[in-house]
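Student:
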Amino acid sequence: MKRHQRNRIIGGALLICFVSAALLGRVWTPFDPMRIDLRSKLQAPGAVHWLGTDEFGRDVLSRLMAAAGTSVSISLTTVALAVLAGVTLGVLAGYARGWTDRIIMALNNAMLAFPSMLLALALLSITGANIYGIILALGLAYTPSIVRVVRGSVLSLREREFIEASRVMGNSPAYTMARHILPNCLGPVIVLATSMFGSVLLTESALSFLGLGVPPPAPTWGNMLASARPHIAEAMWLGIFPGLCISLSLLGINLFGDAIRDRFDPRMRGL
Amino acid sequence: MTFPRTLWRAFISSIAIGLPGLAAANTLTVQITADIRSSQPGINRDAGTDSVMLNVVEGLVAAGEKGEIRPMLAKSWSISPDGRTYTFTLREGVKFHNGETMTADDVVFSLQKLIGHPEFSCKTFFDGSRDAKVESIAASGPDTVVITLDRPDAMLLNYMAQSQCGSTGIVHRASFNDDGSWKAPIATGPFTFGEWKRGEGLTLRKFADYSITGDKPDGYGGRKDVLVDAVKYVVVPDTATAVAGLRSGALDVLPYLPPGEAAKLKDDKAFTVVAAPHGGLVTMLFQTGDPLMSNIAMRRAVIAALDTPQIVDAVTYGLGVPNNSLVASGSFYHTAAQDKGYLHDPAAVPALLKAAGYKGEKINILTNRRSAINYDTAVIAQAMLQSAGINADIEVLEWASQLDRFNSGKYQIMAFNYSNRTDPALAYQTVVGSKAKKANAIWDDQEVSALVNTALQEADPARRQAIFDDLHARFLDQVPLVMLANGLDVGVSGPKVKGYRTWQGFARFWGVERSE
Amino acid sequence: MLKFAFTRLLSAIPTLFIVSVAVFGLIRLIPGDPASLMLGDLADADALAAARKAMGLDQPVPVQFAIWLGNVVQGDLGRSVLNGQPVLDLVWHRFTTSAQMVLIAVGLSVLLAVPLGMAAAWRQNSSLDLAIVAMSTLLLSIPTFWLGLMILLAFGLKLGWLPVLGYVSVADNPISGIIYLVMPVMTLVLHEVGIIVRMARASTLDVLRLDYITHARAKGLSESAVLMRHAARNAFGPTWTLIGLILGNLLGGVAVVETVFTIPGLGRLIVDSIYARDYAVVQGCLLFVALTYLFVNLLVDLLYPLFDPRVTAE
């Protein structure tokens, strides 16, 4: 019991830290995160630039703060998109069965086998290289695993007595799905979604490394990390700080996510 | 503590020696960022492929150190008074890699096969669609080859020497299979083509019977002394890995390094950084057909807002030479008149913007991450434009997508590099043209087109100089694009290597020594 | 069991068809084509048209698809426009390269992560548990391109224990092949361990709460006997599913690790071919990846009953 509380507190505190940094970054940063000053490039952390400057002389702390907003919103929207699409399709497939199920699952398996790289490239070329393209691509890439999980729990749920009862009472399938099935399959979705937040940050980073990702100069933790890589030998801090941001926010989300999972898992409540 | 480590290293190196390809006594190991596309010169190629293959193949003529035409397999040539017939006299006793002696028939066979190939990348230079059409290639005697054109063409030898055309390299019949398909190059160059492990790399070996000519290295012509037994190219796509490889001694030469990486190695005594500008163009292109950018005052405002020498200095880490003229800074034609450049004048920007009727519309700068120079140029230019009150925005595209936008002309401003152009007239020909006919043309002006065509036909240097000076004045006035500097390729060689130089962006491995 | 495998394979056909259509469409939707890439800034309209014709790109897309599909059914996946190699050879060669690395890495990860995860669950709430959880989260959150470079700089350059670059197939020379694999495998293991530890811990926790464990404990069995004989076997089920997913994912390419360690694997082939618009290779690779993915999933489902007797493969 104690550990759950401790983890929830640590996780929550970390998350609050990042969210408030992100909010603060919207209205105030120590320097303009986009301002280039070629005379003071690659400065080590010091009194003026607390976390140093990057290869264009931009202030790292300001960029991290500005990036927090972008990274967190990319993460949130991507996961929200994936959950929305995944739950809808999963419930539909699991509840309707038959051809609807078969078609959805065939599409789903195809999506699972599809590299997110190609998806990102294709979508970015349609939407233009911007944040929306990334969100759409990653959202699509993360949807199929949610569909799988949701469909699985719906399949076992639909055989349960209270669903049967709802049907017998003459409720429409839509009502039954929304009122009875949906709330009961949210537990595993929440677990999955929390683990996705961090994964989105990393995937965005890997896309930046491979030359895609959110177009600079708008900073994200991912593209800061990717563009810091050539300077690993002489300017370690350029990579360490965004890396720490990703690590700590991930730790926060995971600890918090475990705590939420325990709340939603009926077997855990007694413990 | 050091003992086990030494032992382990010895163990590792003994294993390394056991590997095929590393066993050769004196092998120079060189990074390539991507595998070569094919081993057939001029066909299915890119710049990296050319750079490898031109160590293996040679043409009748070659480009010299300053871009002038030098003899290679031909020892001399003459041009008929009407400018339509070129007669080449071949060098005697030149051996192919298979030991056969080169004859005029071999040359005719090889040239006909290449020029007639549907996928020859320089097809349009020789079939009449750009310049003259090659009407016939024939042997007249054992060491004379005659090329006849349908009209005079002062550029023919230039085209023949171009790297994109594989230097119209001469290969032996045995380079082809019986069905006429390509096998592997049996040519005349100082290196023979060895094993090619696709996706991993390839090895070139010293050609013992190479017939040396000339007294000193001179571009792709001149003397070619091979001082190593073999050159092993390894595909290393990641720059950070390549630098680690250089430091550990696993790689001897990194021929193409982003300037930022090279600048870091410059202060280290163990490494030799070589950088030389070539005839390529580092630019920011304006789409002069765009509603906003078609306005000359708008383009002048952008120019006034940009501190181009500072951009060049920053993006090349001090290795580049700013040049606002399309005539390359290393060219014979780059005189004082060509030194006149853009005026950085932020104070003049508001008036120019007012004259252009600019109301803060967003201007999109396209760039890519493949070229560090393009990317950094866009980032810095955007900041300069923003601070001058021009609402510029960056869009980073993957290279193939950007190339597509370049070819279709769909952009406002684009950071773009042109590959090496060996002659100023060719540099102008690249950017000048009618947008209606050629969507990737930048500078659409009939008078200018006429001048460029004259320069292409003209052989007299003084008259050409006058044309280039006239063109440059018009270029500064109309600002169809921002010319920043000539192309820059930066290479670095490790402590064991002596004599590696970069030239026109190519990695040549004759005259390069490697000590054990 | 056989019938199950057969129906599963049959049901894979529509999935493969969807993958083919989607890949074919998407790769052509992306701007840029191999002809213009080959010609670079030398392109003019005539040269471009000629090059496109030579590559068969002048046909309408549905016609191109029909031609391609017809060839695939006959076992011909076409040739690479980049270097003229037959796609099937290319894909198979690159796949075996990646597979060596991935199989070793996943094997090691499982050997390392499952005991760690079980230990964490067994000593739940202890500082050992917290340390394992924190460590795995940390490993999980370091991008592989960063982790790989650190390992490369440390072991390859600073210590000089391992070769910085190069690659030899294990089949050609087992000893040096393995030496070249050490760093990439280490990178992958460190990353995957993070994921598997978490799953192993969670599923062990679930099992430890079940009645029969309490029963076993009540019988007076030692903790280690309970853990090994009863919990381990049953807790491995969900972890096994995850391992299948990881394996399927990794076999489909580990582009980043392959780029850092200069390994000519499938992941890099896919990335390079997408950049080069090498249509035939991209299509061939993705078809192959989809097939691998379905095959691994089938294998996982068939073997699942071994780990969890409550589940049958039907």
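Heads up: the sequence lines are chains A, B and C, in that order.
Its first residue numbered 1, the first sequence is counted upward by one per residue in the working numbering.
Its first residue numbered 1001, the second sequence is counted upward by one per residue in the working numbering.
Its first residue numbered 2001, the third sequence is counted upward by one per residue in the working numbering.
Beta carbons: idealized from backbone N, C-alpha and C, even for Gly.
Give me the subset of the region 217-240 of chain A whose CB atoms are less than 8 Å from a CB atom of chain B, sorted by chain position.
Tutor: Answer set for the region 217-240 of chain A: P217, R229, P230, I232, A233 and E234.
Student: Within this structure, are the beta carbons of A/R26 and A/G69 separated by less than 7 Å?
Tutor: Residue 26 of chain A sits at position 26 when you count from the first residue of the first sequence. Residue 69 of chain A sits at position 69 when you count from the first residue of the first sequence. Contact flag set, yes.
Student: Between the region 1395-1415 of chain B and the region 1322-1341 of chain B, are three or more C-beta pairs nearer than 8 Å?
Tutor: As far as the Cβ criterion goes, the region 1395-1415 of chain B does not touch the region 1322-1341 of chain B, which means the pair count is below three.
Student: Beta-carbon within less than 8 Å of B/F1109's beta-carbon, same chain only, minus the 5 sequence neighbours each way: which residues are those?
Tutor: As a position in the second sequence, residue 1109 of chain B is number 109, starting the count at 1. These residues qualify, in order along the chain: R1173.
Student: Name the chain C residues whose beta carbon is nearer than 7 Å to that of B/T1124?
Tutor: Here residue 1124 of chain B corresponds to residue number 124 of the second sequence, with the count starting at 1. D2044, D2046 and A2047, listed in chain order.
Student: Under DSSP, the alpha helix (DSSP H) around A/S153 begins and ends at which residues?
Tutor: Start at 1 with the first residue of the first sequence, and residue 153 of chain A comes out as number 153. That run of the alpha helix (DSSP H) goes I131 to L157.
Student: Please confirm if B/E1200 has its CB atom under 7 Å from at least one CB of chain C.
Tutor: By one-based count along the second sequence, residue 1200 of chain B stands at place 200. Answer yes: the Cβ-Cβ gap between B/E1200 and chain C drops below 7 Å somewhere.
Student: What does A/F56 touch in chain B if you count any residue whose Cβ is under 9 Å from its own?
Tutor: Indexing the first sequence from 1 puts residue 56 of chain A at position 56. The answer, in chain order, is A1314, D1376, V1379, I1380 and A1383.
Student: Touch check for the region 2197-2211 of chain C and the region 2108-2123 of chain C: three-plus C-beta pairs under 8 Å?
Tutor: The region 2197-2211 of chain C vs the region 2108-2123 of chain C: in contact.
Student: By Cβ distance, which residues of its chain are closer than 6 Å to B/A1024, with the 5 residues on each side in sequence left out?
Tutor: The residue labelled residue 1024 of chain B in the question sits at position 24 within the second sequence. Because the pLDDT of B/A1024 is 47, which lies under 50, any placement of that residue in the model is unreliable, and the number read from its coordinates should be weighed accordingly. Within the same chain, B/A1024 has close Cβ partners D1229 and A1230.
Student: Between B/P1142, B/Y1210 and B/L1471, which has its C-alpha nearest B/K1095's C-alpha?
Tutor: Residue 1095 of chain B sits at position 95 when you count from the first residue of the second sequence. Of the listed residues, the one whose Cα sits closest to B/K1095 is B/Y1210.
Student: Let me check understanding here. Comparing Cα to Cα, which of B/V1482, B/D1268, B/V1030 and B/R1205 lies closest to B/V1236?
Tutor: For this step, residue 1236 of chain B is matched to residue 236 along the second sequence. Ranking B/V1482, B/D1268, B/V1030 and B/R1205 by Cα distance to B/V1236 puts B/V1030 first.
Student: Return the chain-ordered list of same chain residues with a C-beta closer than 8 Å to the C-beta of B/Q1465, the five sequence neighbours on each side being excluded.
Tutor: One-based indexing of the second sequence puts residue 1465 of chain B at position 465. Here the set comprises Y1333 and T1335.
Student: Quick check: what's the CA-CA separation for B/D1313 versus B/L1306?
Tutor: For this step, residue 1313 of chain B is matched to residue 313 along the second sequence. For this step, residue 1306 of chain B is matched to residue 306 along the second sequence. Going by the C-alpha atoms only, they are around 13 Å apart.
Student: Counting only the same chain and skipping the five closest in sequence on each side, list residues whose C-beta sits under 6 Å from that of B/G1166.
Tutor: Taking the second sequence and counting its residues from 1, one reaches residue 1166 of chain B at position 166. Correct list, in chain order: P1041 and G1042.
Student: Residues in the same chain with beta-carbon distance under 6 Å from C/A2171, minus the five sequence neighbours each way, listed in chain order, please.
Tutor: The residue labelled residue 2171 of chain C in the question sits at position 171 within the third sequence. So no residue of the chain qualifies.
Student: Does DSSP put B/P1291 in a helix, in a strand, or in coil?
Tutor: Along the second sequence, one-based indexing puts residue 1291 of chain B at 291. B/P1291: coil per DSSP, three-state reduction.
Student: According to a CB-to-CB cut-off of less than 8 Å, which residues of the region 10-42 of chain A neighbour chain B?
Tutor: Within the region 10-42 of chain A, the qualifying residues are M34, R35, I36 and L38.
Student: Considering only the alpha carbon of each residue, which of C/L2299, C/A2105 and C/I2274 lies closest to C/I2030?
Tutor: In the third sequence, the residue the question calls residue 2030 of chain C occupies position 30. Of the candidates C/L2299, C/A2105 and C/I2274, the one whose C-alpha sits nearest the C-alpha of C/I2030 is C/I2274.
Student: Could you list which residues in chain A have their beta carbon closer than 8 Å to that of B/A1240, in chain order?
Tutor: Walking along the second sequence from the start, residue 1240 of chain B turns up at place 240. Here the neighbours are R229, P230 and I232.
Student: Counting only beta-carbon separations shorter than 7 Å, does C/A2255 have a partner in chain B?
Tutor: The residue given as residue 2255 of chain C occupies position 255 in the third sequence. It does not; no Cβ of chain B falls within 7 Å.
Student: Quick one: residues in its chain with C-beta nearer than 7 Å to the C-beta of B/V1349, no 5 flanking neighbours on either side, listed in chain order?
Tutor: Here the question's residue 1349 of chain B lines up with position 349 in the second sequence. A1301, A1304, A1305, A1388 and G1389, listed in sequence order.
Student: With 16 other CB atoms within 10 Å as the buried threshold, where does B/R1278 fall?
Tutor: Sequence index remark: in the second sequence, residue 1278 of chain B carries index 278 (1-based). Going by the sequence as given, residue 1278 of chain B is His instead of Arg. B/H1278 should be labelled buried.
Student: Hey, how far is the Cα of C/A1977 from the Cα of C/V2207?
Tutor: What is shown of chain C runs 2001 to 2314, which leaves residue 1977 of chain C out entirely.
Student: Enumerate in chain order the residues of its own chain whose CB-to-CB distance from B/F1406 is below 8 Å, with the five nearest sequence positions on each side excluded.
Tutor: As a working note, residue 1406 of chain B is residue 406 in the second sequence. The residues are L1285, M1414, F1416 and N1440.
Student: With 7 Å as the threshold, decide whether the Cβ of C/P2143 is near any Cβ in chain A.
Tutor: One-based indexing of the third sequence puts residue 2143 of chain C at position 143. Yes, its Cβ sits closer than 7 Å to a Cβ of chain A.
Student: So B/R1037 contacts chain C; which residues on that side make the cut at Cβ distance below 7 Å?
Tutor: Start at 1 with the first residue of the second sequence, and residue 1037 of chain B comes out as number 37. Result: L2082 and N2083.
Student: Taking a cut of 9 Å between CB atoms, which residues from the region 2011-2043 of chain C lie near chain B?
Tutor: Answer in chain order: I2030, P2031, G2032, D2033, P2034, S2036, L2037, M2038, L2039, G2040, D2041, L2042 and A2043.
Student: Tell me, please, which residues DSSP counts as bridged to B/T1087.
Tutor: On the second sequence, residue 1087 of chain B is found 87 positions in, with the first residue counted as 1. Paired residues: B/S1078 and B/V1146.
Student: In terms of alpha-carbon separation, which member of B/Q1504, B/I1170, B/A1034 and B/A1063 lies closest to C/P2264?
Tutor: Position 264 of the third sequence, counted from the start, is the residue given in the question as residue 2264 of chain C. C/P2264 has its Cα closest to that of B/A1034, out of B/Q1504, B/I1170, B/A1034 and B/A1063.
Student: Measure from the C-beta of C/A2054 to each C-beta in chain B and report whether the shortest distance is under 7 Å.
Tutor: Your numbering for residue 2054 of chain C matches position 54 in the third sequence. So, interface residue.
Student: On a CA-only basis, which of A/Y175, A/A206, A/L81 and A/G86 is nearest C/V2145? Give me that one, please.
Tutor: Reading the third sequence from its first residue, position 145 is the one you call residue 2145 of chain C. Val is not the amino acid found at residue 2145 of chain C; the sequence shown has Phe there. Checked all of A/Y175, A/A206, A/L81 and A/G86; the closest Cα to C/F2145 is A/A206.
Student: Skipping 5 residues on each side, what residues in its chain have a beta carbon closer than 8 Å to that of B/M1001?
Tutor: Here residue 1001 of chain B refers to the residue found at position 1 of the second sequence. Confidence at B/M1001 is low in this model, with a pLDDT of 39, below 50, so its placement is unreliable and no value can be given for it.
Student: Give a yes or no on contact between the region 1492-1503 of chain B and the region 1267-1275 of chain B, applying the rule of three or more CB pairs nearer than 8 Å.
Tutor: Yes, since at least three Cβ pairs between the region 1492-1503 of chain B and the region 1267-1275 of chain B fall closer than 8 Å, the two stretches touch.
Student: Note down, in chain order, every chain A residue with its Cβ under 7 Å from the Cβ of B/T1511.
Tutor: For the purposes of this step, residue 1511 of chain B is taken as residue 511 along the second sequence, with counting starting at 1. The question names Thr, but residue 1511 of chain B is Gly in the sequence shown. Chain A residues near B/G1511: none, gap ~31 Å exceeds 7 Å.
Student: Given this structure, state the Cα-to-Cα distance separating B/L1022 from B/D1445, to the nearest angstrom.
Tutor: Along the second sequence, one-based indexing puts residue 1022 of chain B at 22. Along the second sequence, one-based indexing puts residue 1445 of chain B at 445. Reliability of the predicted coordinates at B/L1022 is poor, the pLDDT of 45 falling under 50, and the value obtained from them is presented with this limitation in mind. Approximately 56 Å, taken between the alpha carbons.
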